[in-house]
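The structure appears below as structure tokens.
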Amino acid sequence: MDLISTHESLSFPVIARIFKKMKIGLQFGAIQVVDNAIIDGHHRFVAAQLANYSLDRIQGIRSLAKVNYEWQTVQFIDVDWDTAAKVEMLNKMDARLNNITLDELLARIA
Numbered sequence: 002m003d004l005i006s007t008h009e010s011l012s013f014p015v016i017a018r019i020f021k022k023m024k025i026g027l028q029f030g031a032i033q034v035v036d037n038a039i040i041d042g043h044h045r046f047v048a049a050q051l052a053n054y055s056l057d058r059i060q061g062i063r064s065l066a067k068v069n070y071e072w073q074t075v076q077f078i079d080v081d082w083d084t085a086a087k088v089e090m091l092n093k094m095d096a097r098l099n100n101i102t103l104d105e106l107l108a109r110i111a
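Residue 2 is where the sequence shown starts when you use our numbering, and the numbers rise one by one after that.
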């Protein structure tokens, strides 16, 4: 992978949800990068690598992300970091970004 992680662990269920949406062609916002380090968008980046999906990259601002981690040291954990309420909010945001209704999005990812 051409970018560096600033997270020492990532949630596999979050990656899986994003991957599924990428595979059906939904659009996603750009990830934020500073000096080849991902500042925002780790889960999207990994999902995009797995889905062979192209994500835009924009310049970010390094604030709390002070430590870089090599990908071979990043732990992929099978714990869902998103609550049901957050998943619903993200689905609504994804539907809006892709100009479809929430019901259409849910039908496509079912």
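We treat Cβ as the ideally placed atom computed from N, Cα and C, and that holds for glycine.
Fair warning: this is a prediction, and the values are worked out from it, not measured in the lab.
**Prompt:** According to the Cβ coordinates, are PHE20 and ALA48 closer than 8 Å?
**Reply:** Cβ atoms of PHE20 and ALA48: closer than 8 Å.
**Request:** Below 8 Å CB to CB, which residues in the same chain sit around VAL75 once its five sequence neighbours on both sides are set aside?
**Result:** If we look at VAL75 and ignore the five residues flanking it on each side, its Cβ neighbours are SER6, HIS8, GLU9, SER10 and LEU11.
**Asked** In or out: PHE77 buried (at least 16 other Cβ within 10 Å) or exposed?
**Response** Its Cβ having fewer than 16 others within 10 Å, PHE77 is exposed.
**Bridge partners - ALA85, DSSP secondary structure assignment** = Answer by DSSP bridge pairing: none, since ALA85 is not bridged.
**Message:** My assumption, with CB atoms under 8 Å, is that GLN33 sits in contact with ILE25. Please give the rounded CB distance.
**Reply:** Not confirmed; about 24 Å, so no contact.
**Asked** For GLN50, which option in THR102, ASP3, GLY30 and LEU106 has the closest C-alpha, if you only look at C-alpha atoms?
**Response** Cα-wise, what sits closest to GLN50 is ASP3.
**Request:** Note down, in chain order, each residue of its chain lying with its Cβ closer than 6 Å to the Cβ of PHE13, except the 5 sequence neighbours on either side.
**Result:** For PHE13, same chain residues with a beta-carbon under 6 Å away, outside a window of 5 residues either side, are PHE77 and ASP79 in chain order.
**Request:** For MET94, count neighbouring C-beta atoms within 10 Å of its own C-beta (all shown protein chains included) and say buried if the count is 16 or more, exposed if not.
**Result:** The residue in question, MET94, is exposed, as its Cβ has fewer than 16 Cβ neighbours within 10 Å.
**Message:** Which of the three DSSP states is assigned to ASP36 in this structure?
**Reply:** It is coil, neither helix nor strand.
**Asked** Residues in its own chain within less than 7 Å of TRP72 by CB, not counting five upstream and five downstream?
**Response** Cβ within range, chain order: MET2 and SER6.
**Item:** According to DSSP, residues forming a beta bridge with ASP41
**Value:** Per DSSP, GLN33.
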